[in-house]
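Here is the structure we will look at, set down as structure tokens.
In this note's numbering, the protein residues as written are 1351 to 1532.
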């Protein structure tokens, strides 16, 4: 058994500027703050599962989206610790996608959800991504952490689907320990 510990970054890149190329690969200029819905310390653990919600949402109702079977036969009913990053969904689309996942039972036996930073999180009539996270946390009664180093803006931590993960967020800094079984 081996494990890997990763820490939240100090700075992140707010956006890509493709129209103005530079000799630098990354432009890490913004302070990284991992946030929790409760604005308190959070500790959660479970089997990591997730990725780009723009793609994952289309698996609901297909043979590849049978989470009950997957959890029973492969995770042996261990809790899932979801992580999502958003490429292009506005907040209303993000909310609808999360409601679909919830109604399909994808958040049953869920220990928490991690959301990556995303420039796509544009408000729709003052409904923000933070509102989406608060609503989902209240409905599911689970911790939600957002603006983590995951998604379409650098830097990103490496998250391995199926790894057992322990996540701690304290004072806007986070750690993720992933444990891999032989």
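No residue lacks a Cβ here, since even glycine has one placed at the ideal position from N, Cα and C. In this text, all values refer to a predicted model and were calculated from it rather than measured experimentally.
Only buried fits residue 1482, as 16 or more other CB atoms lie within 10 angstroms of its CB. A Cβ-Cβ contact shorter than 9 angstroms links residue 1436 with residue 1468. In the same chain as residue 1441, and ignoring 5 residues on each side of it, the C-beta atoms closer than 8 angstroms to its own belong to 1471, 1472, 1473, 1474, 1477, 1478, 1479, 1481, 1482, in chain order. Spanning the alpha carbons of residue 1511 and residue 1422 requires a straight line of approximately 16 angstroms. Residue pairing by DSSP places residue 1517 opposite 1394, 1526 in a beta bridge.
Fully enclosed beta strand (DSSP E) runs of no fewer than 3 residues occupy 1494-1498 of the region 1480-1509, in order along the chain. Rounded to the nearest whole angstrom, the CA to CA distance from residue 1501 to residue 1402 is 8 angstroms. Residue 1375 sits exposed, since fewer than 16 C-beta atoms from the chains shown fall within 10 Å of its C-beta.
Note: residue 1415 is not bridge-paired with any residue in the DSSP secondary-structure output.
Here the alpha carbons of residue 1521 and residue 1387 stand approximately 13 angstroms from one another. Taking C-beta separations shorter than 7 angstroms and ignoring five residues to either side along the sequence, the partners of residue 1384 in its chain run 1358, 1495, 1497, 1498, 1519, 1522, 1523, 1524, following chain order. Burial state of residue 1394 is buried, judged by a 10 Å Cβ sphere holding 16 or more other Cβ atoms. Residues 1398, 1399, 1400, 1401, 1463, 1464, 1465, 1466, 1498, 1500, 1509 of the same chain have their beta carbon placed closer than 8 angstroms to that of residue 1433, with the five preceding and five following residues left out of the count.
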